[in-house]
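Note that the sequence shown ends on residue 78 in this note's numbering; no numbers are left out.
Reading through the structure tokens given below for one structure.
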Amino acid sequence: LDRLTAADYRDGSDEMERMLVQGTPSGGRDKAVAEATSRWEDAYWASLPEDAHQIITGPRPALYSCFNQADLLISDVSSVVSD
């Protein structure tokens, strides 16, 4: 997964260019990235006790993957839980 999601910047790229390409898999890798991410998240969640509180401090799993695992999610009146 890390290999598939590593950004491929051209030599001499500036911060703005790197920001634009960092989240987009290049070379038709989007399907492979989606499959690898799904397998990684399935394995990650399966490795944890179901009833234990989890604190995520790294880039994975993604925010919406955490939402999908939650038994209860409390939001304010806007219902925009990612804010």
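Virtual Cβ for every residue (Gly too), placed ideally from N, Cα, C.
{"Asked": "With Glu36 as the anchor, note down where its alpha helix (DSSP H) starts and where it stops.", "Found": "Asp25 to Ala41"}
{"Asked": "In three-state DSSP terms, what is Leu68?", "Found": "coil"}
{"Asked": "Between the C-alpha atoms of Ser74 and Ala38, what's the straight-line distance to the nearest angstrom?", "Found": "29 angstroms"}
{"Asked": "Going straight from the alpha carbon of Leu68 to that of Ser60, what length do you get?", "Found": "13 angstroms"}
{"Asked": "Compute the Euclidean distance between the alpha carbons of Arg24 and Glu36, then round it to the nearest angstrom.", "Found": "18 angstroms"}
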